[in-house]
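The structure appears below as structure tokens.
2 protein chains.
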Amino acid sequence: MKFEVTILGSSSATPIFNRNPTAQVLNINEHLYLIDCAEGTQQQMLRFDVKASRIDYIFISHLHGDHYLGLVGLLSSMHLNGRKKALYLYGPPHLMEIIELQLKYSETTLHFPLVFTQTNTLKAQEIVNNNDIIIETIPLDHRIDCTGFIFRQKKRLRKLIKERVEALEIPIEYYTAIKKGKDYTTNSGQVYKNDTLTIDSDAPKTYAYCSDTMYNEQYFEQISNATLLYHEATFLHEMLDRANDTHHTTALQAGEIALKTNAKKLIIGHFSARYKTLGELLDEAKTAFPNTELALEGRTFVIE
Amino acid sequence: MKFEVTILGSSSATPIFNRNPTAQVLNINEHLYLIDCAEGTQQQMLRFDVKASRIDYIFISHLHGDHYLGLVGLLSSMHLNGRKKALYLYGPPHLMEIIELQLKYSETTLHFPLVFTQTNTLKAQEIVNNNDIIIETIPLDHRIDCTGFIFRQKKRLRKLIKERVEALEIPIEYYTAIKKGKDYTTNSGQVYKNDTLTIDSDAPKTYAYCSDTMYNEQYFEQISNATLLYHEATFLHEMLDRANDTHHTTALQAGEIALKTNAKKLIIGHFSARYKTLGELLDEAKTAFPNTELALEGRTFVIE
């Protein structure tokens, strides 16, 4: 099952030349899930060949402009391009009020259902549970109400050992039950234990998205053992005071969080406009957690 | 005096690959005036090296997203980048309501005065009158309340004939009066007529911005004799029915309007996303008005 994230924006606060504010798109089993939607996200999607028509879920972390100002434009384009299927939107209180006001004054009635679920920014909650994935909010510690999101793959059914099942000439109609763990009994009463017919499916993977937040141990347990952790790293650690004042994280802290929460891999983003190049931020995070990469725009990370 | 316009966006309705929705920036005597501000305008400004800090006036034609969705992002960036001087904003009713709602929920108090003037979308009105320029709204015929804007250079003072003034050893303190048309009388009573000391300044130039609108003669008189006319040309004339339904103009109509209103030059823009190349639109407008160019992004037109 495909499980990967493509970075559409990695800048904090304002766009700078060649760096757009935050947006990411997850491909989960060929369905697209958009996380945050800064101004220019739809242009970035054109640039990186991400089809808006394939997005069914959008998640907005908070109402700072660098995380949602591209949303109304994207919804308008979906509308103008003939979308009919429902779009599921998750975000903090007041997001719909902002959207509705702008649709009202442009005299736009969307041709598709926009199904909004308000996130609880104080308490982790499960907001999506479908065939592929369970998604929870992560209450974060920012200047205004803000949540991250954690995407937990579901455990898949066991895999048939093809040669074994064929050699025994087990009828196809038994396959699903066997994948679910049942033993197989022949007409003559011979029993084949399940673990001789199947192997376990891959361990479910987890993607944790943490932006924007200051270092706060309260969310560490929830994100523990992530296969891939995205964590904001707005500043170098020499600017810790500024990070604390603005409720952001330093690159060193992001590395420490990945280490403490036992992440398999870390990507850092949400870089302050003051950093024209990003090597120092990467090096700093790596001093705490070597398996770190930069969330550069256009880059796709397979969650494996 | 510098008087030129740079195109930041030329697409209608939605961005497409390599074409952003509407925005333009006028340089009038080294002051910048922004007309419309679609999503991604601040990114286009970075791309084309237009400094947001130099903009003192912003004009929004109407509340369709492809003309204003970049505004809150631009205001936020100005705020974050330390702007202190006032910004003068002109736009239709409800624009401030939209801005204020978004500032409220991001808990942002702008560090600079944002001085809003609501445009009257039914009646032409003078909205700016400073040392360089007089700006009027142009009520247009669109699906929602919409105005264009016309920028009329002020007549400058007469120009001194330098050699003549110097030969007569006229003291510098007399220069302004002479530029204003006064004769010069020497201490001995000799009178030099003004037209022997000065020449007339250049004829004032006019830039008319007409987007979005359907063909409607009501605004033709107001835009007559424009030095440069920007007119939307969303469709080819074969799509006239669609143009009328959506209250837009065809390229042929734009050419006809330039001809009827005696424009010196025409630029067309606001191209529908259906046109991947623009040659046909240009050719069609030229059949009515040969001195036409495409409002391509990044291009600067001197108004002369």
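Residue numbers (my numbering), protein chains in the order written: chain H, 1 to 304; chain W, 1001 to 1304. C-beta: ideal position from N, C-alpha, C; glycine also.
Scanning its chain for C-beta atoms nearer than 6 Å, with the 5 sequence neighbours on each side dropped, one finds around R299/H the residues I7, in chain order.
Excluding residues up to 5 positions away in sequence, D1183, Y1184, T1185 lie with their Cβ nearer than 8 Å to the Cβ of V1191/W in the same chain. Counting only residues of its own chain and dropping the five nearest sequence neighbours on each side, V1115/W has a CB closer than 6 Å to the CB of A1086, Y1088. Taken through DSSP and simplified to helix, strand or coil, R1019/W comes out as strand. By the Cβ test, the segment 284 to 296 of chain H is in contact with the segment 241 to 252 of chain H, since at least three Cβ pairs between them sit closer than 8 Å. If you draw a 10 Å sphere on the C-beta of Q42/H, you find 16 or more other C-beta atoms in it, and that means buried.
Counting of Cβ neighbours within 10 angstroms places Q218/H among the exposed residues, the total staying below 16.
By the Cβ criterion, the segment 1259 to 1278 of chain W is in contact with the segment 1288 to 1302 of chain W, since at least three pairs of Cβ atoms, one from each stretch, lie closer than 8 Å.
Comparing C-alpha distances from T22/H to each of E169/H, A273/H, L259/H, T277/H shows the shortest one belongs to A273/H.
When secondary structure is reduced to three states using DSSP, I99/H falls in the helix class. D56/H and V5/H have their alpha carbons spaced roughly 15 Å apart. The three-state secondary structure of E136/H, taken from DSSP, is strand. In the structure shown, S1011/W falls within a strand segment according to DSSP collapsed to helix, strand and coil. Spanning the alpha carbons of L46/H and I1016/W requires a straight line of approximately 7 Å.
Excluding sequence positions up to five before and after T261/H, its CB lies within less than 6 Å of the CB of F220, I223, S224, all in the same chain and listed in chain order. Taking 3 residues as the shortest admissible run, the segment 41 to 73 of chain H contains the following complete beta strand (DSSP E) segments, listed from N- to C-terminal end: 55 to 59. With respect to the 8 Å criterion, S1076/W and T1108/W are classified as neighbours on the basis of their beta carbons. Chain H has a Cβ within less than 8 Å of the Cβ of T1014/W. A straight line joining the alpha-carbon of S211/H with that of L26/H spans about 15 Å.
Cβ neighbours of L63/H within its own chain (closer than 7 Å, five residues either side excluded): P92, H94, L95, I144. Spatial neighbours of G70/H in its own chain (CB-CB distance under 8 Å, excluding positions within 5 residues in sequence) are listed in chain order as A23, C37, A38, E39, G40, T41, Q42. The three-state secondary structure of G1189/W, taken from DSSP, is coil.
Under the 10 Å beta carbon count, V165/H is surrounded by 16 or more other beta carbons and is classified as buried. Here the alpha carbon of N1120/W sits roughly 25 Å from the alpha carbon of A1243/W.
Scanning the segment 1105 to 1168 of chain W for uninterrupted beta strand (DSSP E) segments of 3 residues or longer gives 1114 to 1118, 1126 to 1129, 1133 to 1139, 1147 to 1153, listed from N- to C-terminal end.
The beta-carbon separation of S61/H and F271/H, rounded to 16 Å, does not stay under the 8 Å limit for a contact. Around the C-beta of V50/H, 16 or more other C-beta atoms lie within 10 Å, and the residue is accordingly described as buried. With contact defined as three or more Cβ pairs closer than 8 Å, the segment 1128 to 1137 of chain W and the segment 1099 to 1107 of chain W are not in contact. For I1098/W, the C-beta contacts it makes with chain H under 9 Å involve I98, L101, Q102, Y105, in order along the chain. In chain order, I1007, S1010 place their CB closer than 7 Å to the CB of L1296/W, counting only its own chain and leaving out the 5 sequence neighbours on each side. For the segment 246 to 272 of chain H, the beta-carbon criterion of a distance under 9 Å to any beta-carbon of chain W is satisfied by none of its residues.
When the five nearest sequence neighbours on each side are left out, the beta carbons in the same chain lying within less than 7 Å of the beta carbon of T198/H are those of R158, K159, L160, I161, I178, K179, in order along the chain.
Spanning the alpha carbons of G1073/W and H67/H requires a straight line of approximately 11 Å.
Assignment of E1221/W by DSSP, reduced to helix, strand and coil, places it in the coil class. DSSP places E1173/W in the helix class (H, G or I) of the three-state scheme.
H1094/W has a beta carbon lying within less than 8 Å of a beta carbon in chain H.
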